[in-house]
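Student: Please find one structure pasted underneath; my questions will follow.
In our numbering, the protein residues as written are 697 to 973.
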């Protein structure tokens, strides 16, 4: 995820030990670490080989990748919850470890201290797999809606908004609004379904392994767009009547710039290495 990530100089603080060579051949556990991340790379190459923007892998390929990610843990990528990346601070800094990126897919890990937040953002034309490796996280996600009840078409032109916020509102439907604790199933979102716009809030220290196909690419128009969210009742739509129960399932979203308080720092990935071909 390209979120204005700052690159660390790699001073060694919080460095992840590379255990791919240590104890080679002395136990299945250490061999498994190397195999799983290598296997993930190989499976991603197969899954996204014939894909591109807005082109979703076939259901059997989606299931194959999800099944592999479901079984992965922090040990497979050389992470431990007591590493400095996961310590709590007044202004928590999110750490991103880049594993791989090509024009077909990208792989990376977000390390989140408690209370840190990856704000609501989108994934244009992408299929995204997010695996919570450890910890507890709240996920809220949305898909764009064409309306409510009987598929009433709700557009910005119908919205009676105050002059202080006259443009850019769009109706979205809540897809997920729940807490997840590892081990749990991999979260999958699609270009127009599954919660393409989501927000991550770390309830405890946690790590998320992200696979994106294709990756963000500003020149191709796939940039990371952030959003404000407003409760559905805040704005009215002429002729539209919605029950209180249904209101909880919708919100108004508005594009925004990158939040000033979002701090994401890129550091080298030093876990089990990937042999790229």
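Glycine included, C-beta positions come from ideal geometry on N, C-alpha and C. Treat the numbers as computed from the prediction; the structure is a model and nothing was measured.
So the alpha helix (DSSP H) residue 755 belongs to, where does it begin and stop?
Tutor: 755-766
Student: Relative to the C-alpha of residue 884, which candidate in 835, 898, 965, 902 has its C-alpha closest?
Tutor: 835
Student: Can you give me the C-alpha to C-alpha distance between residue 770 and residue 813, rounded to a whole angstrom?
Tutor: 20 Å
Student: Which same chain residues end up closer than 7 Å to residue 902 when comparing Cβ atoms and leaving out the 5 residues on each side of it in sequence?
Tutor: 808, 828, 830, 831, 832, 833
Student: Count the other C-beta atoms from every protein chain shown that fall within 10 angstroms of the C-beta of residue 818, then say buried if there are 16 or more, exposed otherwise.
Tutor: buried
Student: Is residue 957 closer than 9 Å to residue 995 when the C-beta atoms are compared?
Tutor: As displayed, the chain neither begins before 697 nor continues past 973, which places residue 995 out of reach and without an answer.
Student: Can you tell me whether residue 781 is helix, strand or coil according to DSSP?
Tutor: helix
Student: How long is the line joining the alpha carbons of residue 638 and residue 952, rounded to whole angstroms?
Tutor: Limits of the chain in this structure are 697 at one end and 973 at the other, which puts residue 638 out of reach.
Student: Tell me the residue span of the beta strand (DSSP E) that contains residue 906.
Tutor: Membership of residue 906 in the beta strand (DSSP E) is indicated by the continuous run 902-909.
Student: Of the residues 782, 784, 795, which one's Cα is nearest the Cα of residue 967?
Tutor: Selected option, being the one with the closest Cα: 795.
Student: To the nearest angstrom, report how far apart residue 747 and residue 762 are at their CA atoms.
Tutor: 16 Å
Student: How should residue 675 be labelled, buried or exposed, when 16 other C-beta atoms within 10 angstroms of its C-beta is the threshold for buried?
Tutor: Summary: the structure shown does not reach residue 675, with the chain confined to residues 697 through 973, and so no result is reported for it.
Student: Under a Cβ-count criterion, where at least 16 other Cβ atoms within 10 Å of its own Cβ denotes burial, should residue 826 be classed as buried or exposed?
Tutor: Classification for residue 826: buried.
Student: Within the continuous beta strand (DSSP E) that includes residue 802, where are the two ends?
Tutor: 802-808
Student: For residue 788, which option in 744, 959, 914, 798 has the closest C-alpha, if you only look at C-alpha atoms?
Tutor: 959
Student: Could you name the residues that DSSP lists as bridge partners for residue 895?
Tutor: Note: residue 895 sits in a beta bridge opposite 836.
Student: Okay, do the region 797-807 and the region 896-916 touch, 3+ Cβ pairs below 8 Å being the bar?
Tutor: yes
Student: Where does residue 740 sit, in a helix, a strand or coil, going by DSSP?
Tutor: helix
Student: With C-beta atoms as the reference, is residue 908 less than 9 Å away from residue 924?
Tutor: no
Student: Along the beta strand (DSSP E) that carries residue 826, what are the first and last residues, could you check?
Tutor: 823-830
Student: Give the secondary structure of residue 815 by DSSP, where H, G and I count as helix, E and B as strand, and everything else as coil.
Tutor: strand
Student: Look at the Cβ atom of residue 911, then the Cβ atom of residue 752, and state whether they are nearer than 9 Å.
Tutor: no
Student: Go ahead and pull the three-state DSSP assignment for residue 786.
Tutor: coil
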